[in-house]
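According to our numbering, the stretch in the sequence shown is residues 163 to 440, in order.
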Amino acid sequence: MTRGPREATGVDLRDQERLRAAGEIPRHIAVIMDGNGRWAKERGLPRIAGHREGVESVRDIVEACGQLGVRYLTLYAFSTENWKRPQDEVSLLMRLLLTALRDETDRLHNNNVRLRMIGDIDALPSEVQSELREAATRTAKNTGLTLTLALSYSGRWEITQAIRAIAHDVQAGRLKPEEITEESISRYLTTEDIPDPDLLVRTSGELRLSNFLLWQVAYTELYITPGYWPAFRRNALYAAIDEYQRRERRFGMVSEQVKPNSNEQPPRKRILKSVAGP
Ligand code: FPP
Numbered sequence: 163m164t165r166g167p168r169e170a171t172g173v174d175l176r177d178q179e180r181l182r183a184a185g186e187i188p189r190h191i192a193v194i195m196d197g198n199g200r201w202a203k204e205r206g207l208p209r210i211a212g213h214r215e216g217v218e219s220v221r222d223i224v225e226a227c228g229q230l231g232v233r234y235l236t237l238y239a240f241s242t243e244n245w246k247r248p249q250d251e252v253s254l255l256m257r258l259l260l261t262a263l264r265d266e267t268d269r270l271h272n273n274n275v276r277l278r279m280i281g282d283i284d285a286l287p288s289e290v291q292s293e294l295r296e297a298a299t300r301t302a303k304n305t306g307l308t309l310t311l312a313l314s315y316s317g318r319w320e321i322t323q324a325i326r327a328i329a330h331d332v333q334a335g336r337l338k339p340e341e342i343t344e345e346s347i348s349r350y351l352t353t354e355d356i357p358d359p360d361l362l363v364r365t366s367g368e369l370r371l372s373n374f375l376l377w378q379v380a381y382t383e384l385y386i387t388p389g390y391w392p393a394f395r396r397n398a399l400y401a402a403i404d405e406y407q408r409r410e411r412r413f414g415m416v417s418e419q420v421k422p423n424s425n426e427q428p429p430r431k432r433i434l435k436s437v438a439g440p
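Rendered as structure tokens:
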């Protein structure tokens with residue numbers, strides 16, 4: 163994330179405008195950024211080169227989401243399971259995260275982005291923790307895109323924490339067992355103040371959730387693309403949103419309930435022909 167700010171080009175602004183006109187922009191997009199290692203390997207580069215290029219994708223996607231009016235972007239940057247990687251790679255990833263935070267916080271702040279993090283943040287190196295906390299405090303009052311970094315995060319870890327906290331509150335008499343509802347459980351999760359994702363993007367083609375936001379993705383639309391994360395730039399994001407806009411979200415209901423006049427509506431024009439997906 164070391165390049166200077168890139169203005170959206172005229173063509174890009176037109177693509178964004180078309181997407182907004184074609185349908186609803188997802189309020190919350192969550193991303194499993196996968197394939198950094200394979201991207202590097204295919205080029206005969208060390209894995210860290212893939213992670214570095216992955217940071218460029220983060221930068222571009224954050225910027226494009228902000229411009230499009232996406233309200234929440236949640237990135238799976240380091241899972242609980244990622245601690246099991248070779249020590250060298252973990253250290254390099256932590257250093258990369260630290261550098262990216264140092265380089266980018268000003269720009270995030272100037273672009274009205276609110277940065278927050280979820281996960282076992284206390285498990286991260288202390289330098290990373292303090293940089294994250296500083297950046298989160300500095301950007302806390304921003305009103306644009308909320309960018310959530312999932313770090314040392316896993317869905318099962320989060321659900322376990324929530325159950326433990328609920329058990330404590332019941333034991334202390336602060337919560338009655340009959341008050342445990344889907345809504346109250348959601349308030350014990352690290353995502354308590356943000357809506358569930360509308361769209362989950364996974365790069366590099368694997369067909370799994372990898373322990374990401376397990377509770378929150380109950381009704382999320384899944385978009386899995388074969389391209390690797392370092393190659394996932396704004397045009398690929400627009401292709402994902404285009405696909406999302408074609409889907410009918412029924413939340414367990416029937417088509418007529420979610421779209422009562424569906425038969426009267428003209429077929430939605432697909433006008434993003436110029437946007438190439440991976
Ligand atoms: C998955 O690729 C990617 C990661 C485990 C790390 C993602 C981290 C970044 C993009 C950089 C830091 C992030 C921010 C927010 C600044 P992989 O290594 O699992 O790839 P592979 O499956 O091809 O081996």
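Here a beta-carbon is modelled for each residue, glycine too, at the ideal position from N, C-alpha and C.
Is residue i buried or exposed, if buried means 16 or more other CB atoms sit within 10 Å of its CB?
i	result
Gln419	exposed
Val232	buried
Leu175	exposed
Thr322	exposed
Pro248	exposed
Ile194	buried
Val158	Past the boundaries of the shown model lies residue 158; the chain is included only from 163 to 440, so the question cannot be answered.
Asn272	exposed
Ala334	exposed
Trp245	exposed
Leu434	Residue placement at Leu434 cannot be trusted, given a pLDDT of 42 that sits under 50; what the coordinates show is reported in the next sentence. When all chains shown are included, Leu434 counts as buried.
Gly521	Here the chain has residues from 163 to 440 only, and residue 521 is not among them.
Ile442	What is shown of the chain runs 163 to 440, which leaves residue 442 out entirely.
Val437	Its pLDDT being 41, under 50, Val437 is placed unreliably in this model, and the value from its coordinates should be taken loosely. By the 10 Å Cβ count, Val437 comes out buried.
Leu369	exposed
Ala262	buried
Glu410	exposed
Phe413	exposed
Ser241	buried
Glu293	buried
Ile325	exposed
Asp177	buried
Ala285	exposed
Asp250	exposed
Thr305	exposed
Glu225	buried
Please report the Cβ distance between residue i and residue j, rounded to the nearest whole angstrom; I am assuming they are in contact, meaning their Cβ atoms lie under 8 Å.
i	j	result
His190	Tyr238	Actually they are not in contact, since the Cβ atoms of His190 and Tyr238 sit about 14 Å apart, beyond 8 Å.
Ala393	Trp201	7 Å
Asp282	Ser314	4 Å
Gly114	Leu311	Shown here, the chain extends from 163 to 440; a query on residue 114 therefore has no answer.
Pro188	Tyr406	6 Å
Val290	Leu260	5 Å
Glu354	Ser348	6 Å
Trp391	Asp196	6 Å
Check the Cβ-Cβ distances between residue i and every residue of chain B, and say whether any is below 7 Å.
i	result
Trp245	Although the question refers to chain B, the structure presented lacks it and comprises just one protein chain.
Count the CB pairs spanning the segment 256-274 and the segment 295-313 that are closer than 8 Å, and state whether there are at least three.
-> yes
Contained alpha helix (DSSP H) runs [length at least 4] in the segment 299-371, N- to C-terminal order = 317-333 and 344-349
Tell me, please, whether the segment 198-212 touches the segment 336-343 by the rule of three or more beta-carbon pairs shorter than 8 Å.
-> no
Minimum length 4: unbroken alpha helix (DSSP H) runs contained in the segment 180-231 = 198-204 and 209-230
Decide yes or no for the touch test of the segment 301-320 against the segment 372-384: beta carbon pairs closer than 8 Å, at least 3 of them.
-> yes
Can you find at least 3 beta carbon pairs, one from the segment 378-389 and one from the segment 352-369, that sit closer than 8 Å?
-> yes
Uninterrupted beta strand (DSSP E) stretches inside the segment 240-288 (no shorter than 3 residues) = 276-280
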